[in-house]
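*Asks:*
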Amino acid sequence: MNTNKDLLIIFTRNPVLGKVKRRLAAKIGDPAALRLYEFLLKHTHEVTKDLTCDKIVFYSEEIVQEDIWDNGIFQKKRQEGNDLGERMKNAFSEGFADGYTNVVIIGSDLFDLQKEDLKKAFSGLNKFDYVVGPAQDGGYYLLGMKSLNSKLFRNKSWGSDAVLQQTLQ
Numbered sequence: 151m152n153t154n155k156d157l158l159i160i161f162t163r164n165p166v167l168g169k170v171k172r173r174l175a176a177k178i179g180d181p182a183a184l185r186l187y188e189f190l191l192k193h194t195h196e197v198t199k200d201l202t203c204d205k206i207v208f209y210s211e212e213i214v215q216e217d218i219w220d221n222g223i224f225q226k227k228r229q230e231g232n233d234l235g236e237r238m239k240n241a242f243s244e245g246f247a248d249g250y251t252n253v254v255i256i257g258s259d260l261f262d263l264q265k266e267d268l269k270k271a272f273s274g275l276n277k278f279d280y281v282v283g284p285a286q287d288g289g290y291y292l293l294g295m296k297s298l299n300s301k302l303f304r305n306k307s308w309g310s311d312a313v314l315q316q317t318l319q
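Now the structure itself:
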């Protein structure tokens, strides 16, 4: 059982050539897309490492022990599920099962993410059951909950510009 009530879940893809930023890679090439993704990982690490909440990095494929996510700061787990919605639902479910009362999830490649965004999200969960950080592409970069609502993860067009609207319905 944890002693902290706040949990930050960070979803990441393993940084492998040809497997990250695929739409962008089609325009700039796989090596440049991988370099950009690694830069964004470092940014997310810097923004999150000193937050007072507990933090878990969920890897897309395999857990890497020796990487930028320091084992003393970040717990590490593997994403489980058939699609993004199921993987996020399962991660939230684990967090609540472990006794956390405020759980926030983000991706790991958010250039505009600031520490203050995450502090506001956790603060918002003291007043509201849900918090959402809308993204310019029609999705969201952050989702927070006080208890698991599995419906939020069903029947979504993941990766489309309709995800935020579908989630808010």
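Convert by adding 150 to the 1-based position in the sequence shown; the result is the number in the numbering used here. Glycine is no exception: its CB is placed at the ideal position from the N, C-alpha and C atoms.
#1: Drop a sphere of 10 angstroms on the beta-carbon of Met151, count the other beta-carbons inside from all chains shown, and report buried for 16 or more, exposed for fewer.
#2: Mapping DSSP to helix, strand and coil, what is Asn240?
#3: Compute the Euclidean distance between the alpha carbons of Asn276 and Asp267, then round it to the nearest angstrom.
#4: Ordered along the chain, which non-local residues of its own chain (more than five positions away) have a Cβ less than 8 Å from that of Trp308?
#5: Taking the alpha carbon of Lys301 as the point to measure from, which residue in Asp262, Ser273 and Phe242 has its own alpha carbon closest?
#6: Helix, strand or coil for Tyr187 per DSSP?
#7: Using a Cβ-Cβ cut-off of 6 Å (strictly less than) and excluding sequence neighbours within five positions of Arg163, which residues of its own chain qualify?
#8: Pull up the distance between the alpha-carbon of Ala247 and that of Val197, whole angstroms please.
#9: Determine the extent of the beta strand (DSSP E) in which Lys296 is found, giving its start and end residues.
#10: For Gly274, which three-state DSSP category applies?
#11: Going by CA-CA distance only, name the one from Gly257, Asn299 and Leu191 that's closest to Ile218.
#12: In whole angstroms, what separates the C-alpha of Asn252 from that of Lys269?
*Replies:* Straight from the coordinates:
#1: Unreliable positioning characterises Met151 in this predicted model, as indicated by a pLDDT of 49, which lies under 50. The coordinate reading is nonetheless provided below. Exposed, since its Cβ has fewer than 16 Cβ neighbours within 10 Å.
#2: helix
#3: 15 Å
#4: For Trp308, the predicted model reports a pLDDT of 44, less than 50, meaning its position is unreliable; a value from the coordinates is still stated below. Hits under 8 Å: Asp233, Leu234 and Gly235.
#5: Phe242
#6: helix
#7: Excluding positions up to five away in sequence, the list reads Val170 and Ser210.
#8: Cα to Cα, Ala247 sits roughly 26 Å from Val197.
#9: That residue, Lys296, is in no beta strand (DSSP E); it is neither H nor E in DSSP.
#10: helix
#11: Leu191
#12: 12 Å
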